[in-house]
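Colleague: Here's a structure for you.
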Amino acid sequence: MIIVFVGPPGSGKGTQCELLAEHLGVTHLSTGELFRVQMESGSELGQIAASFIDHGNLVPDHVTIDIVKESLGEAQFNVGCLLDGFPRSVPQAQALDAILAENNCQVDLVLALDVNQNVLVDRMLARKRKDDTLETIQQRFDAYEHLTRPLLNYYQNRNVLVSVDGNGNIDRVFEGIRRAVANVQSSSSNA
Ligand code: ADP
């Protein structure tokens, strides 16, 4: 199964994605994490990514799509994988569809984490990540509204979107996710 996590900054995508990856025994790919590794190493890609991330902007689609293409391999296509923070725009979703189609797979489930704005800001300021400053947070919410939210419609039209209440504690949210995944697993085994 290929499962995509979508949610605003601070919605807990990374945390939930790790739990689900362990639960399903598959790998997960986080574009935010990939960029952070590159930034720490000081590579050219890291410097390009930092020039966007430090201002709360999305890294350009072509840069992001290239790094995802490099990171996805046979194992992910055959066994399945979880995607955290990618796609984050409609062009990225279209590129992902093309990559998956070339490998005879498709997005099976999109988990949209729904979290109230005040909870998001509290979580982001509590985790003390370098890009979690009050200045960048508003810009990242704006980018989410303009570029990422349209993805929900894109996937809803494909009947793969499931919204999960992400306001509760980690275990409670994970319970909702586990249920959504189990529903898809049982409907695909009945097909
Ligand atoms: P969050 O969801 O809290 O913003 P992430 O770790 O997913 O945290 O992403 C951190 C930053 O990395 C984002 O604010 C964005 O600038 C950049 N980024 C991550 N994924 C993408 C993507 N798919 N497209 C463009 N930029 C991305």
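Position in the sequence shown (first residue = 1) + 2 = my numbering.
Don't be surprised by glycine CBs; every beta carbon is placed ideally from N, CA and C.
All values reported here derive from a predicted model rather than from experimental measurement.
#1: At the level of alpha carbons, what is the spacing between R180 and H57?
#2: Relative to the ligand ADP, is the shortest distance from any of its heavy atoms to the C-beta of P11 smaller than 7 Å?
#3: What are the partner residues of C83, as DSSP defines its beta bridges?
#4: Considering V166, what are the terminal residues of the beta strand (DSSP E) in which it resides?
#5: Could you check the C-alpha separation between E24 and V186 for me, to the nearest Å?
#6: Report the start-end ranges of each alpha helix (DSSP H) in the segment 126-167 that is 4 residues or longer and not cut off at the edges.
#7: Mind checking which residues open and close the beta strand (DSSP E) that includes D116?
#8: Under 8 Å, do L98 and F7 count as touching if we go by C-beta distance?
#9: Look at the alpha carbon of S190 and the alpha carbon of E35, and state the distance between them as a whole number of angstroms.
#10: When DSSP labels each residue in this structure, what does R174 get in the three-state scheme?
#11: Taking only runs of the beta strand (DSSP E) that begin and end inside the segment 62-107, which ones reach a length of at least 3 residues, in chain order?
Modeller: In short:
#1: 34 Å
#2: yes
#3: I4, T29
#4: 163-167
#5: 18 Å
#6: 136-145, 152-158
#7: 111-116
#8: no
#9: 31 Å
#10: helix
#11: 83-86
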